[in-house]
Amino acid sequence: MAEGVWSVADITARARELIERGFDLIWVRGEVSGFKSYHSGHWYFSLRDKSAQVRCVMFRSDNQRVTVKPQDGVEVFVRAKPTVWDERGEFRLTARQLLATDAEGLWQIELEKAKAALERDGLLDPSRRRPIPSYATRIAVVTSIDGAALRDIVTVMGRRWPLAELLVVPARVQGDGADQDLCRALELVNRIEDVDLVVVGRGGGSREDLWVFNSEVVARAVAAVRVPIISAVGHETDVSLTDLVADLRSPTPSAAGEAAVPDKVAVEDALRGLARRLGASASARISWGSEKIERTSDRLSAAVNSLVGSGTAKLTTLAASLGALSPLRVLQRGFSVARDGTGQVLKRVSDFQLGSKVNVTVLDGTVETKVTGLPE
Amino acid sequence: MTDRLSFRADLERLEEIVRLLEGDDFDLDDALELFEEGVKKLKSARKLLKQSELKIKHLMEAADGTLNAEDMDI
Chain A
1 MAEGVWSVAD
11 ITARARELIE
21 RGFDLIWVRG
31 EVSGFKSYHS
41 GHWYFSLRDK
51 SAQVRCVMFR
61 SDNQRVTVKP
71 QDGVEVFVRA
81 KPTVWDERGE
91 FRLTARQLLA
101 TDAEGLWQIE
111 LEKAKAALER
121 DGLLDPSRRR
131 PIPSYATRIA
141 VVTSIDGAAL
151 RDIVTVMGRR
161 WPLAELLVVP
171 ARVQGDGADQ
181 DLCRALELVN
191 RIEDVDLVVV
201 GRGGGSREDL
211 WVFNSEVVAR
221 AVAAVRVPII
231 SAVGHETDVS
241 LTDLVADLRS
251 PTPSAAGEAA
261 VPDKVAVEDA
271 LRGLARRLGA
281 SASARISWGS
291 EKIERTSDRL
301 SAAVNSLVGS
311 GTAKLTTLAA
321 SLGALSPLRV
331 LQRGFSVARD
341 GTGQVLKRVS
351 DFQLGSKVNV
361 TVLDGTVETK
371 VTGLPE
Chain B
1 MTDRLSFRAD
11 LERLEEIVRL
21 LEGDDFDLDD
31 ALELFEEGVK
41 KLKSARKLLK
51 QSELKIKHLM
61 EAADGTLNAE
71 DMDI
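Line by line, the protein sequences give chains A and B.
Take 1 as the starting number for the first sequence in the numbering used here and just add one per residue.
Take 1 as the starting number for the second sequence in the numbering used here and just add one per residue.
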């Protein structure tokens with residue numbers, strides 16, 4: 001190849017690089033023409049206005065999310081990445097999203113932009129979500145003071161969890177200025193002490209009515225609440241931005257009431273269970289205690305027995321020595337005792353008088369005798 | 001005495017007491033004390049559940065920035 005000469009592949013590849021680097025995903029507005037849906041499921045069409053046109057492709061993975069197939073002549077918004085298709089040397093847009101250009105389409109673009117901004121700041125990260133406390137008692141409710149949402153929440157919570165204290169922080173939930181109202185109310189919530197949980201939302205309504213919950217500033221205010229927060233916007237199918245940044249999404253305010261607090265009946269059941277276990281553990285303790293007492297009394301009586309036993313032995317010894325000292329034992333050995341008429345024991349010769357009576361006790365009885373002689 | 005705001009803490013303590021009593025390895029005196037504490041917590045929690053009524057307050061910010069909560073009826 002001559003120096004300085006580019007191959008076709010090189011120049012188209014270089015052009016593609018330059019274009020792809022030069023643009024992020026952008027929104028382009030134009031009229032659809034030459035729309036074709038291939039067997040592969042990919043869509044091919046052009047977007048054009050008065051002075052220009054550009055080829056577009058929308059792959060199946062992206063166009064599956066588009067609810068209505070666009071028709072030729074319809075004006076749309078396309079979120080796309082500009083590129084060059086090498087095989088044809090063609091400048092074209094790879095469309096990722098496609099919306100109608102009516103008011104809803106415009107809103108949708110705002111929403112997508114806001115969502116992308118929240119995503120960039122990590123606010124849509126599921127790991128940010130905090131668990132809902134199991135026995136919330138002080139609950140802030142941010143909603144319209146005269147809306148159905150508040151009545152529904154009060155009804156459900158009053159039935160399920162009468163321990164709750166609801167702090168109603170009023171805010172307009174639709175119309176001009178509703179976004180600022182909601183932001184201010186959510187900031188107030190951060191200044192209340194001991195709040196366990198926050199519910200923000202409103203009852204069902206038209207898409208326009210609910211739109212403030214898709215506002216980026218409101219979503220950021222929800223994300224900034226320092227305790228767990230439930231987003232309860234009355235729509236069953238759509239999801240609003242506040243739903244995405246909240247710790248929990250409830251499809252209606254009533255459902256938020258259910259999710260926010262435990263059911264009194266279930267808690268009473270749990271208390272009954274705890275009471276049973278408390279009772280069972282106590283009776284186990286008591287029988288363990290009485291066993292211990294029995295063991296103690298066994299040891300006590302053994303001690304008493306051994307004391308008594310040793311006492312008996314001692315008594316036996318004492319009795320033996322007492323027995324040894326008994327005069328009877330002396331008599332047994334052949335000695336006798338002499339007493340005068342008064343019973344006085346006569347121990348010495350001088351105690352005897354000639355001719356007096358002397359009672360002599362021997363082993364088996366007493367003999368009356370008379371003194372007939374005394375030693376000189 | 002259990003009140004609304006300490007309900008969760010009291011219930012957690014009650015669960016802890018039951019777990020402790022179901023385990024072994026402590027004194028009969030301690031067990032009795034724990035048991036009594038458990039019974040007290042149980043009674044007051046039940047009473048609270050039975051007697052409480054939902055409180056609803058309207059929170060407002062005064063001009064000087066202080067927060068006031070007033071009872072409200074729905």
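Just so you know, even glycine gets a beta-carbon here, dropped at the ideal spot from N, CA and C.
Bear in mind the structure is a predicted one, so any value in this text is a computation, not a measurement.
Look at E15(B): its C-beta is under 9 Å from a C-beta on chain A.
Assignment of N63(A) by DSSP, reduced to helix, strand and coil, places it in the helix class. Taking C-beta atoms as the reference points, R191(A) and L67(B) count as a pair closer than 9 Å. Residues of chain A whose Cβ lies closer than 8 Å to the Cβ of S44(B) do not exist; the shortest such Cβ separation is about 11 Å. Distances from the alpha-carbon of A116(A) to those of L163(A), E3(A) and N214(A) put N214(A) closest.
Along the stretch 73-130 of chain A, the alpha helix (DSSP H) occurs as fully enclosed runs of 4 or more residues at 103-120, listed in sequence order.
Straight across, the Cα-Cα distance linking G158(A) with L167(A) is about 14 Å.
Interface criterion not met: the Cβ of A63(B) is under 9 Å from no Cβ in chain A. Our two residues, S40(A) and D62(A), have alpha carbons roughly 13 Å apart in a direct line.
The criterion of a C-beta distance shorter than 9 Å is not satisfied by G73(A) and V142(A). Looking at K55(B), L14(B), L20(B) and G65(B), the one whose alpha-carbon comes closest to that of D71(B) is K55(B).
If only complete runs of 4 or more residues are kept, the stretch 182-250 of chain A shows the alpha helix (DSSP H) at 216-223 and 241-245, in order along the chain.
At a C-beta separation below 7 Å, A256(A) has no neighbours in chain B, since its nearest C-beta there lies roughly 15 Å away.
DSSP places K347(A) outside both helix and strand once states are collapsed to three, so it counts as coil. The DSSP-derived three-state label of T143(A) is strand. By the rule that beta-carbons nearer than 9 Å mark a contact, K40(B) does not touch chain A. If you look at K55(B), you'll find it in the beta strand (DSSP E) that goes K55 to E61. Any Cβ of chain A closer than 9 Å to the Cβ of E22(B) would place that residue at the interface, and such an atom is present. The beta carbon of E216(A) does not come within 9 Å of any beta carbon belonging to chain B, so the residue lies off that interface.
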